[in-house]
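In terms of the numbering used here, the sequence shown is residues 9 to 189. For every residue, glycine included, the Cβ atom is placed at its ideal position computed from N, Cα and C. None of these values were measured; they are calculated from a predicted model. To start, the structure itself, in structure tokens.
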Amino acid sequence: VLHTVFFGLCFLTDVLHQFFSGPGKLTTLLVNIRDFLFTILAFPLGTFVCISFWTLYFIDRKLVYPKYLDDIIPLWLNHAMHTAILLLVLLELYLQPHRYPRRIRAVLCLALFCAAYLAWVLWVHHVSEIWVYPIMAHLSPAGLALFLAASALALLPLYLLGEKLSLKYWTKPGTQKKKKK
């Protein structure tokens, strides 16, 4: 859902930019929202989803994508959700420069997102007694806490990777400013 909203926003921003010459208030606002979504959420989460899904899938597919889902979710949709997303965020990284926020703001926003997502996962389990991800049913309470903490903490290096790749690609040699942390 996040990536659909993000790429929809990219499309809207580009269309408005084409029809209205120069940066207006609306286009500037949309670009700021686009940059926020990409840098803090879309790149780290898209990368995490692809890496974690396929790692667990190859270890034991039942942990993330039981065989019965093959009859419900077409192969192309599985790849759209778990493979293409990485390709799309990498393409976005190299086709469009994005302004990265201060790291403290990024870390706080990532932490807030992780807390909200964790609350949703736990709420779904509480209401339906079904885990959103099958791997969670196989973990002890301590294992579940460790798994969730490791998953959340994995987003920070992915955020930093996106920032580093973006700076490397979009900054001309000798013009990079030292960033405040």
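Rounded to whole angstroms, the Cβ separation of Phe51 and Leu17 is 14 Å, and the two are not in contact under 8 Å. Within the same chain, His11, Phe15 and Gly54 come within 8 Å of Leu96 by CB-CB distance, once the 5 residues on both sides are set aside. Cβ-Cβ separation between Thr179 and Tyr108: approximately 11 Å, too far for a contact (criterion under 8 Å).
In the DSSP assignment, Ser148 falls outside any alpha helix (DSSP H) and carries neither an H nor an E. Here the region 153-163 does not lie against the region 34-42, with fewer than 3 beta-carbon pairs under 8 Å apart.
In the DSSP annotation of this structure, the continuous segment of the alpha helix (DSSP H) that includes Asp68 starts and ends at Phe51 to Asp68.
Under the three-state reduction of DSSP, His134 is assigned to helix. Below 8 Å, too few C-beta pairs join the region 61-72 and the region 20-28 to call them touching: fewer than three. Shown here, Val97 sits in a helix according to DSSP, grouped into three states. For Gln26, the secondary structure class from DSSP, reduced to helix, strand or coil, is helix. Val39 has its alpha-carbon roughly 39 Å from the corresponding atom of Pro74. Sequence-distant partners of Ile41 (beyond 5 residues in either direction) whose C-beta falls short of 7 Å from its own C-beta, in its chain, are Leu17.
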